[in-house]
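Student: In UniProt numbering, the protein residues as written are 1 to 137.
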Amino acid sequence: MNETTQLPYFRAAFYCRERRSIPVVRKFARKALVEWECEQRADDVLLCVTELATNALRHGVPPGRGFKVHIYLERVENIIRVEMHDSGGGVVRAADGPPEADDEGGRGLLLVAALADKWGVAERNPGKVVWCEFSIV
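1) Given ASN55, which residues of its chain have a CB within under 8 angstroms of its CB, disregarding the five upstream and five downstream residues?
2) Using a Cβ-Cβ cut-off of 7 angstroms (strictly less than) and excluding sequence neighbours within five positions of ARG65, which residues of its own chain qualify?
3) Cβ atoms of TYR9 and TRP36: under 8 angstroms apart, would you say?
4) In terms of residues, what are the limits of the alpha helix (DSSP H) holding ALA53?
5) Have a look at TRP119 and ARG75 and give me their C-alpha separation to the nearest angstrom.
6) If you check the beta carbons only, do PRO11 and ALA32 fall under 8 angstroms apart?
7) Sort ARG81, VAL137, ILE136 and PRO126 by Cα distance to LEU52 and report the nearest one.
8) Considering only C-alpha positions, which residue in the set ASN125, CYS38 and VAL49 is nearest to ALA116?
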């Protein structure tokens with residue numbers, strides 16, 4: 001795993017297609033929030049980071065590839081933006097309704113939609129970017 005730090009309010013990192021990447025992504029996001037002294041909605045942000053990274057790993061990253069995480073803090077608008085960049089195909093959509101109680105999946109994007117102020121999907125070649133934003137006023 002190769003983590004890079006760029007502009008003061010932007011962090012980016014690349015992670016391999018491995019289950020052990022998920023807690024490392026979460027730690028990466030927590031570190032950015034602490035450094036930016038921006039922990040008001042840390043629990044919501046970190047849960048969404050975990051869900052989006054898990055979805056990228058399970059559904060968006062082809063074998064032999066990885067995924068990128070971008071985290072931004074926009075101080076003027078008081079917004080934290082999280083992006084998961086993958087290189088796989090597929091269409092991202094939230095479930096039409098809640099999953100059955102014994103279903104193993106289907107809750108990730110429902111959680112993101114419930115916790116984030118906005119979320120969406122953008123095209124990338126190859127792949128897609130799934131993003132969410134949080135107001136930190």
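For every residue, glycine included, the Cβ atom is placed at its ideal position computed from N, Cα and C.
If you're wondering where the values come from, they're calculated on a predicted model, not measured in any experiment.
Tutor: This is what the structure holds:
1) If the five residues before and after ASN55 are omitted, its C-beta is found closer than 8 angstroms to the C-beta atoms of MET84, VAL92, GLY108, LEU109 and VAL130, all from its own chain and listed in chain order.
2) So the qualifying residues of the chain are ARG17 and SER87.
3) Closer than 8 angstroms, so yes.
4) Counting along the chain, the alpha helix (DSSP H) containing ALA53 begins and ends at 42-55.
5) 19 angstroms
6) At residue 11 the sequence reads Arg, which differs from the Pro that was named. A contact, by the Cβ cut-off of 8 angstroms.
7) ARG81
8) VAL49
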